[in-house]
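>
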Amino acid sequence: MASILVPGRDLGGYRLEARLGRGGMGEVWSAHDVVLGRRVAIKVMLGAEGEDVRLRERFVREGRAAAALVHPSVVTVFATGETDGVAWLAMELVEGQTLRAVGRSAPLATKVAWLSALASGLDAVHRAGFVHRDVKPDNVMIARDGHLKLLDFGLVRPPPGAAPLTRTGYVMGTPRYMAPEQWRGETVDARADQFAWGLVAFELLSGRHPDDCSAGFGRLASWAAPARPIASLVPEVRPEIASGRCTRSRRCSRG
Numbered sequence: 000m001a002s003i004l005v006p007g008r009d010l011g012g013y014r015l016e017a018r019l020g021r022g023g024m025g026e027v028w029s030a031h032d033v034v035l036g037r038r039v040a041i042k043v044m045l046g047a048e049g050e051d052v053r054l055r056e057r058f059v060r061e062g063r064a065a066a067a068l069v070h071p072s073v074v075t076v077f078a079t080g081e082t083d084g085v086a087w088l089a090m091e092l093v094e095g096q097t098l099r100a101v102g103r104s105a106p107l108a109t110k111v112a113w114l115s116a117l118a119s120g121l122d123a124v125h126r127a128g129f130v131h132r133d134v135k136p137d138n139v140m141i142a143r144d145g146h147l148k149l150l151d152f153g154l155v156r157p158p159p160g161a162a163p164l165t166r167t168g169y170v171m172g173t174p175r176y177m178a179p180e181q182w183r184g185e186t187v188d189a190r191a192d193q194f195a196w197g198l199v200a201f202e203l204l205s206g207r208h209p210d211d212c213s214a215g216f217g218r219l220a221s222w223a224a225p226a227r228p229i230a231s232l233v234p235e236v237r238p239e240i241a242s243g244r245c246t247r248s249r250r251c252s253r254g
């Protein structure tokens, strides 16, 4: 694998430039589309020959899921393929920083606008029949122009009727952003993503994860205690935002 992932290597018409990052399933590189002359991001699946076939199937499913979505708040996938036994997918190159990196210093109105955009993107994911299952600040990019993009569909749950890739009772996700049913290894639906969105919203607005500011949150798997009211941490948050009754993003985005 190491010999093929080098700058200048061609993967299906995409010339690798530089490695941008590495995760559990693969590496992400910047690349040049030699046909259309644009810069893209290439995600390459890691693993040697004989790797669990489920990982390869999940990688392919990630590409198909993202490619089925067309929304300004969801990263766009251009193509998927395999070169010399290496599975890859080409996607929109989002140059910027993660929500975790930039969220703390952003104005309140900007944070609310980002949360509205993320909710809209998740709605598109759910309408297409998918569940993301790994919504967290690290999987949300803020582009240099301020636009938000939801990334990483590596744990996506397919629409009903599709063959499952996760065994019953098998826990997948990022613990601090998982709904109780994810902790229990149960089948999840869009509500798990909505739960994660709420945690992201609380953390973005307050600068603290709910588990950091409520003594009753010692066991994340149960979430038995209510979170501390956001208004007690951020008094300037408008009442309709704090209560969850905000339905007009333009009005709420004023902070």
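Numbered according to numbering that gives the first Met the number 0, the sequence shown spans residues 0 to 254. Note that the Cβ used here is the ideal one computed from N, Cα and C, for glycine as well.
1. Indicate the three-state DSSP secondary structure (helix, strand or coil) for Thr97 in the structure shown.
2. Assign Thr82 to one of three DSSP states: helix, strand, or coil.
3. Pick helix, strand or coil for Arg8, following the three-state DSSP scheme.
4. In the DSSP assignment, the beta strand (DSSP E) including Arg21 goes from what residue to what residue?
5. Could you tell me which of Gly20, Gly206 and Arg8 sits nearest to Val93, measuring between CA atoms?
6. Give the straight-line distance between the Cα atoms of Val111 and Lys135, rounded to the nearest whole angstrom.
7. From Ala1 to Gly36, what does the alpha carbon distance come to, in whole angstroms?
8. In this structure, what does DSSP give as the bridge partners for Trp113?
9. Which of the three DSSP states is assigned to Asp151 in this structure?
10. In whole angstroms, give me the CA-to-CA distance for Lys148 and Ala200.
11. I need the DSSP call for Val43, collapsed to helix, strand or coil.
12. Within the continuous beta strand (DSSP E) that includes Ser104, where are the two ends?
13. Does Gly265 come out as helix, strand or coil in the three-state DSSP assignment?
14. So for Phe129, helix, strand or coil by DSSP?
15. Count the other CB atoms within 10 Å of the CB of Val124; is the residue buried (16 or more) or exposed (fewer)?
16. Could you tell me the alpha carbon to alpha carbon distance between Gly84 and Asp9, rounded to whole angstroms?
17. Go ahead and label Arg57 buried or exposed: buried means 16 or more other beta carbons lie within 10 angstroms of its beta carbon, across all protein chains shown.
18. DSSP has Trp87 in a bridge; who is on the other side?
19. Please report the Cβ distance between Leu98 and Leu203, rounded to the nearest whole angstrom; I am assuming they are in contact, meaning their Cβ atoms lie under 8 angstroms.
Let's see:
1. The count along the sequence shown starts at 1 and reaches residue 97 at position 98. Strand.
2. Taking the sequence shown and counting its residues from 1, one reaches residue 82 at position 83. Three-state result, Thr82: strand.
3. Along the sequence shown, one-based indexing puts residue 8 at 9. The answer is coil: DSSP assigns Arg8 none of H, G, I, E or B.
4. Your numbering for residue 21 matches position 22 in the sequence shown. Tyr13 to Arg21 is the extent of the beta strand (DSSP E) around Arg21.
5. As a position in the sequence shown, residue 93 is number 94, starting the count at 1. Of the candidates Gly20, Gly206 and Arg8, the one whose C-alpha sits nearest the C-alpha of Val93 is Gly20.
6. By 1-based counting over the sequence shown, the position of residue 111 is 112. By 1-based counting over the sequence shown, the position of residue 135 is 136. Straight-line Cα distance between these residues: approximately 16 angstroms.
7. As a first step, residue 1 must be located in the sequence shown, where it is residue number 2. As a first step, residue 36 must be located in the sequence shown, where it is residue number 37. Caution applies to Ala1, whose pLDDT of 46 falls short of 50 and renders its modelled position unreliable; the value that the coordinates give is listed next. Roughly 26 angstroms between the two C-alpha positions.
8. In the sequence shown, counting from the first residue as 1, residue 113 sits at position 114. Note: Trp113 sits in no beta bridge, so no partner.
9. Residue mapping note: residue 151 aligns to position 152 of the sequence shown, counting from 1. Coil.
10. On the sequence shown, position 149 is the one that residue 148 refers to. On the sequence shown, position 201 is the one that residue 200 refers to. Their backbone Cα atoms lie some 15 angstroms apart in a straight line.
11. Stepping through the sequence shown from its first residue, residue 43 is reached at position 44. Strand.
12. Start at 1 with the first residue of the sequence shown, and residue 104 comes out as number 105. First-last for Ser104: undefined, no H or E at that position.
13. As shown, the chain starts at 0 and ends at 254. That puts residue 265 outside it, with no answer to give.
14. Translated into positions along the sequence shown, residue 129 becomes position 130. Phe129: coil per DSSP, three-state reduction.
15. Here residue 124 refers to the residue found at position 125 when the sequence shown is read from its first residue. So Val124 ends up on the buried side.
16. Here residue 84 corresponds to residue number 85 of the sequence shown, with the count starting at 1. Here residue 9 corresponds to residue number 10 of the sequence shown, with the count starting at 1. Answer to the nearest angstrom: the Cα atoms are 13 angstroms apart.
17. If you number the sequence shown from 1, residue 57 lands on position 58. That one is buried.
18. Indexing the sequence shown from 1 puts residue 87 at position 88. Val43 and Gly80, per the DSSP bridge assignment.
19. Residue 98 sits at position 99 when you count from the first residue of the sequence shown. Residue 203 sits at position 204 when you count from the first residue of the sequence shown. At roughly 7 angstroms, the Cβ-Cβ gap stays under 8 angstroms, so Leu98 and Leu203 are in contact.
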